[in-house]
Every structure is written in structure tokens, then in C-alpha cells.
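**Q** Okay, here's the structure, questions in a sec.
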Amino acid sequence: MRRKTLARQMMLYAIVLVVITVIMTFVVTYVVYVYLIDPNQIPDDDDAFITSADLIWMGLAILVGIVVATPTALGLARRIVRPLDTLATAIRAAARGDLGARAAVESDAFGETYGLLEDYNHLIARLQKTSAEKVEWNAAIAHELRTPVAILRGRLKGLAEGVFVPSEDLFHNLLHHVEGLSRLIEDLRALSLSESGHLHLQKTDVRLDIELRKVLRFIEPSQKNHRLVLNMAPVVAHCDPMRIRQAVLAILDNASRYAVHGVIRVVLADTASGVTVCIEDTGPGIPPEFRNQVFDAFSRREASRSRSSGGSGLGLAVVKTIAVAHQGTVACEPSELGGTRFRIVLPARQA
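Quick note: the sequence shown, position 148, residue 149 per my numbering, numbers continuous.
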């Protein structure tokens with residue numbers, strides 16, 4: 002069924018309004034004048050209450066009113082419909098998958114329609130950005146998973162075909178790749194939970210220095226080319242120990258990949274701003290213009306650096322996710338050692 006257009010409806014309503022207004026004006030005028038102002042003018046013959054001349058004048062008034070109201074109503078309808086038409090066109094384009102289409106915003110549009118079009122354009126721009134990020138995210142995940150899986154497949158196939166001789170070093174190498182793959186999967190899981198609002202923390206009061214030493218013991222076999230300098234006070238923090246270990250491990254992994262044959266310093270202190278964990282290195286450092294980007298998952302700068310040195314480009318994004326989930330902060334700063342300092346600040350424990 003064909004719907005009535007807004008322009009036609011407004012024109013009809015305007016005509017009806019004009020007719021009703023003119024008739025009511027004549028009637029009210031007669032009532033006021035004849036019955037209130039000059040009752041002697043009341044005719045004896047009821048049929049002569051409104052004369053033919055009056056009817057002619059009333060018809061002319063209605064005609065003039067219609068002539069004036071019709072283009073006015075049509076003009077008003079066009080001003081209302083035109084922005085809605087461009088919005089409908091943009092919505093149809095978005096429904097076809099063209100997220101680049103935008104609704105044309107005219108400067109003379111009514112405030113409500115102007116705001117509607119602006120809000121829609123902001124919404125579709127955000128949707129377009131999210132869609133592009135999703136494509137990049139999926140491609141990056143496929144890339145990160147493909148490399149370790151291909152290595153494992155090649156090594157295991159070589160073992161099965163007798164190309165490689167089973168040895169302790171080979172099995173340790175395979176285990177290293179499996180652990181890297183497990184960390185990548187856990188990083189992806191943490192980011193996904195955070196994006197969906199389901200990253201639930203299991204907070205408890207823990208000796209954070211003891212938790213950090215657990216992480217250091219875990220990575221100690223791989224730190225033969227680095228010198229660890231520890232300055233950790235016995236600090237009790239209210240946090241999720243597993244997530245904090247995950248964040249610290251990601252920073253230490255990042256530092257060990259860049260500070261080759263250098264120093265990695267870990268500092269833990271209870272400061273006025275909260276519990277502070279600082280990890281700094283003697284690596285090449287990060288340029289100031291890229292320091293705010295290193296916490297973005299698969300950011301171009303960090304992803305390229307990470308891939309060239311064996312990382313995934315996810316670790317530092319996980320660090321920020323975990324810090325924010327604790328209502329804390331994380332910052333990337335230049336280090337006095339010459340490299341980079343990552344500072345995690347957790348809220349002070351409530352007494």
C-alpha cells in the first residue's frame with residue numbers, strides 16, 4: 002500500500018485549517034457583533050442571518066487563504082522532508098554495506114533534523130571505524146597465530162618423518178613456542194573480555210613483591226643475556242595477582258626483546274599515589290610521538306617492532322587493559338637508563 006507523503010498531508014491539513022479558521026472567524030464576528038454589540042441588527046427572517054454577499058466574501062477569504070497556505074505548507078514540508086530523504090538514502094547505502102555514505106547536513110535545516118543528521122553521521126563514522134578495526138584485528142590475529150603454528154607443525158612433521166633427531170633442546174624449543182602461543186591466546190582472551198565488559202578480577206590482598214618474584218623466576222632461564230636489577234619493597238596490594246603477573250610478564254617480555262645484553266630494572270614501591278611498579282631497560286627507547294600508541298592492540302609501530310623481534314603486538318595492550326580494570330594507570334616514559342620505563346600505578350589499599 003502506497004503511503005501518503007508528508008508534503009501532501011501538510012498541504013491538506015493547511016487547507017482544512019484555513020477553511021475552519023475562516024468559517025469560525027465569520028461566525029464569531031456575527032455572534033459578537035449582532036448579539037453583543039448591536040442586537041437590533043438581528044433579522045426577523047432566520048434565513049437572512051448570512052446573506053449571499055457574506056457567503057461570497059467567505060468563499061473569497063477561504064480561496065485566498067488556501068492560495069497563501071498551500072505553498073507555505075509545501076515549502077515547510079520540503080524543509081522537513083529534504084533532510085529525511087538524505088538520511089534515508091544514507092541508511093539504505095549503509096544497509097547495502099557502504100559505510101562511507103553520509104547524510105548531507107544543510108546549514109538551514111531545523112535544529113532537530115540538523116542534530117539528527119549530525120548524530121547519524123557520527124554513529125556511522127564510528128561504525129565504519131569499528132568495522133575497519135575488526136577487519137585489521139582478524140587479519141592480525143590470523144598472522145600472529147599462523148607463525149607459531151607453522152613452526153610447531155614443521156618441527157613435529159620433521160620429528161614424525163625422522164628429519165629431526167629427538168633431543169632435549171628440540172623439545173625445549175617446541176615447549177617455548179607452545180608457551181608463547183598460550184600467552185598469545187590468554188592475551189587475546191583478556192582483551193576480548195575487556196571489550197565485552199566481562200573481565201572480572203579476583204581481587205585479594207597479596208604481597209606484590211612475592212608475586213613479582215614468581216614472574217622473575219619464570220622468565221629467569223630466558224634472561225641469560227640480561228642483567229636484572231631489583232629494588233622491591235615488601236608491599237601489600239589489593240589486586241588480582243594472576244592478572245598483575247600477566248601484565249608484568251608482558252612488560253618484561255617487551256624489555257628483554259629490546260634491551261639485548263643490557264639491564265632491566267624492576268622497582269616496586271608504595272607511594273602517595275598508590276602502589277607503583279616500574280620496569281625500565283637500556284634498550285633503544287620509544288620516540289615520544291609513539292608512546293601513546295604502544296598500548297593499542299596491533300598498533301602499526303608496536304606491531305612491526307614486535308614482529309621483527311618475536312613478539313605479538315598484544316602484550317602492552319593487555320597491560321593497559323589490566324591496569325584500567327584495577328582503576329589504575331600505566332604510562333610509557335623515557336628511562337634514565339637510556340631506554341623505556343613502563344610505570345603501573347595501582348590504587349592504594351583501603352585501610
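Every residue, glycine too, gets a C-beta built ideally from N, C-alpha and C.
Since the model is a prediction, treat every value here as computed from it, not as a measurement.
To the nearest angstrom, report how far apart P348 and L202 are at their CA atoms.
**A** Distance between the alpha carbons of P348 and L202: 14 Å.
**Q** Name the residue from L315, L18, V17, E337 whose alpha carbon lies nearest to the alpha carbon of N139.
**A** Measuring from the Cα of N139, the nearest candidate turns out to be L315.
**Q** Does the Cβ-Cβ distance between R266 and V230 come in under 7 Å?
**A** A contact, by the Cβ cut-off of 7 Å.
**Q** Please state whether the Cβ-Cβ distance between V216 and L189 is less than 7 Å.
**A** Going by C-beta atoms, V216 is not nearer than 7 Å to L189.
**Q** For L317, which residues in the same chain have their Cβ closer than 6 Å to its Cβ, ignoring the five residues on either side in sequence?
**A** Excluding sequence neighbours, L317 sits near V295, F296.
**Q** Hey, how far is the Cα of A104 from the Cα of H144?
**A** Distance between the alpha carbons of A104 and H144 is about 37 Å.
**Q** Please state whether the Cβ-Cβ distance between K204 and D241 is less than 7 Å.
**A** Yes, they are a contact pair.
**Q** Given this structure, state the Cα-to-Cα distance separating G60 from E113, to the nearest angstrom.
**A** C-alpha separation (whole angstroms): 38 Å.
**Q** Between L146 and the rest of its own chain, which residues show a CB-CB distance below 8 Å, the 5 nearest in sequence each way excluded?
**A** Answer for L146: L182, L185, listed in chain order.
**Q** Answer with buried or exposed for G198, where buried requires no fewer than 16 other C-beta atoms within 10 angstroms of its C-beta.
**A** By the 10 Å Cβ count, G198 comes out exposed.
**Q** Leaving out five residues before and five after H239 in sequence, what residues of the same chain have Cβ atoms less than 6 Å from its Cβ?
**A** Contacts found: K204, D206, R350.
**Q** Is it the case that the Cβ atoms of V28 and G66 are separated by a distance below 7 Å?
**A** Cβ atoms of V28 and G66: not closer than 7 Å.
**Q** Could you work out which residue in H123, K135, H178, V276 is closest to P149 when comparing CA atoms only?
**A** Nearest C-alpha to P149: H178.
**Q** Would I57 be called buried (16 or more neighbouring beta carbons within 10 Å of its own) or exposed?
**A** Per the 10 Å Cβ criterion, exposed.
**Q** Can you give me the C-alpha to C-alpha distance between A234 and L209, rounded to a whole angstrom?
**A** Their Cα atoms are separated by approximately 9 Å.
**Q** Which one or two residues does DSSP pair with I265 in a beta bridge?
**A** DSSP lists L229, D282 as partners of I265.
**Q** Using a 10 Å radius around the Cβ and a threshold of 16 neighbouring Cβ atoms, would you call R342 buried or exposed?
**A** R342 comes out buried.
**Q** Using the three-state DSSP reduction, which class does D86 fall into: helix, strand or coil?
**A** Three-state result, D86: helix.
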